[in-house]
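Peer 1:
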Amino acid sequence: MSTRPDTRTPDRAPAASGARPNSGWLLAAGFLVLAAAFMFTGSQTRIPTASTPVVDAALLDPGPRRTVLGDPPTVLIAGFEQRCNACHKLFQSSWDGRRPLTQHTHIILAHGINNQCDNCHAREDREQLVLHDGSSVTFSRTETLCAQCHGPVFRDWERGTHGKTLGSWDLSSPLARRLSCAECHDPHAPAYPPIAPLPGPNTLRMGTPAPDAGQHHDDRNPLRRWAHTPEHGGNH
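If you want the numbering used here, it's the position in the sequence shown, counting the first as 1, plus 351.
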């Protein structure tokens, strides 16, 4: 029988399960209590909201303002598509601006000194446009005709600063399309008619001011501090 002492380390007793409370459950329970407190004791202040104005969907269409004539141009007469020369080849086309129109009565000439058809339309071929030098261009090249009198605007249009680009700003993209002059301007009366603006934004900051709006402290509003600086005109 051995008399040597037992030097083995006794096994540790396993920790009792459930001795330490689960902090995750306590945190979730705390959030539930806070949510209930906010729901039943919080402020019930009503936030004023404006009614949404009704806007005609046609006013939001980004496409061309006008539908231009094709090439060759056709018009609708008695329900049938007719080419210009189908009639104009049968009689002499001459109008001095003094006699009342019997055809195309919807056209109103309001284009400066261009007060006769022959200023822009070729007299011998009504399916062509005429330039100042007597040469003709097709209806698909109306911008060439417009450029004779509107040179600066035409150059701006070529560079993209005038007019509208659809599809893509990248002109190398097949989706990009520059609208022509006649797709925005009526060639017979090119001035834009008055356009009613769409309803503006109406948010809590941009709507009707609250009764205590003037009590806001300027030193806490970065926009007001910016507006009150000397370089931006001082007080506005």
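Glycine residues also receive a C-beta, built at the ideal position from the N, C-alpha and C atoms.
Checking the sheet assignment: what are the DSSP bridge partners for E432?
Peer 2: DSSP, once it has assigned bridges, lists L427 as partnering E432.
Peer 1: Output the boundary residues of the alpha helix (DSSP H) element that contains V504.
Peer 2: V504 -> alpha helix (DSSP H) spans 502–510.
Peer 1: Identify which residue in R450, R417, S531 has its Cα closest to the Cα of S491.
Peer 2: For S491, the nearest C-alpha among the options comes from S531.
Peer 1: Evaluate the contact criterion for the stretch 449–456 versus the stretch 406–425: three or more CB pairs, one atom per stretch, below 8 Å.
Peer 2: Judged by Cβ distances under 8 Å, the stretch 449–456 makes no contact with the stretch 406–425, as fewer than three pairs qualify.
Peer 1: Could you tell me which uninterrupted alpha helix (DSSP H) segments, each at least 4 residues in length, are contained entirely in the stretch 454–521, listed from first to last along the chain?
Peer 2: DSSP runs (the alpha helix (DSSP H)) wholly in the stretch 454–521: 493–497, 502–510.
Peer 1: Quick one: any contact between the stretch 485–502 and the stretch 526–541, if contact means 3 or more CB pairs under 8 Å?
Peer 2: In short, these stretches touch, since the Cβ pair count reaches three.
Peer 1: In the DSSP assignment, the alpha helix (DSSP H) including G381 goes from what residue to what residue?
Peer 2: Element bounds for G381: 374–392.
Peer 1: Measuring straight from C-alpha to C-alpha, what distance separates G502 and T403?
Peer 2: C-alpha separation (whole angstroms): 44 Å.
Peer 1: Alpha carbon to alpha carbon, what distance is there between D422 and P525?
Peer 2: Cα-Cα distance, rounded: 22 Å.
Peer 1: Counting C-beta neighbours from all protein chains within 10 Å, is the total for Q479 16 or more, i.e. buried, or is it exposed?
Peer 2: That one is buried.
Peer 1: So, is R510 buried or exposed, given that buried needs 16 or more other C-beta atoms within 10 angstroms?
Peer 2: By the 10 Å Cβ count, R510 comes out exposed.
Peer 1: Could you tell me which of L420, L411, M390, H513 sits nearest to P550, measuring between CA atoms?
Peer 2: For the residues L420, L411, M390, H513, the minimum Cα distance to P550 belongs to L411.
Peer 1: Can you tell me which residues form a DSSP beta bridge with R529?
Peer 2: T516.
Peer 1: Could you compute how far the alpha carbon of R477 sits from the alpha carbon of E432?
Peer 2: In a straight line, the C-alpha of R477 is about 16 Å away from that of E432.
Peer 1: Applying the criterion that 16 or more other CB atoms from any shown protein chain within 10 Å of the CB defines a buried residue, is P545 buried or exposed?
Peer 2: Classification for P545: exposed.
Peer 1: Quick check on P451: buried or exposed, where buried means 16 or more other Cβ atoms within 10 Å of its Cβ?
Peer 2: With fewer than 16 Cβ atoms within 10 Å of its Cβ, P451 is classed as exposed.
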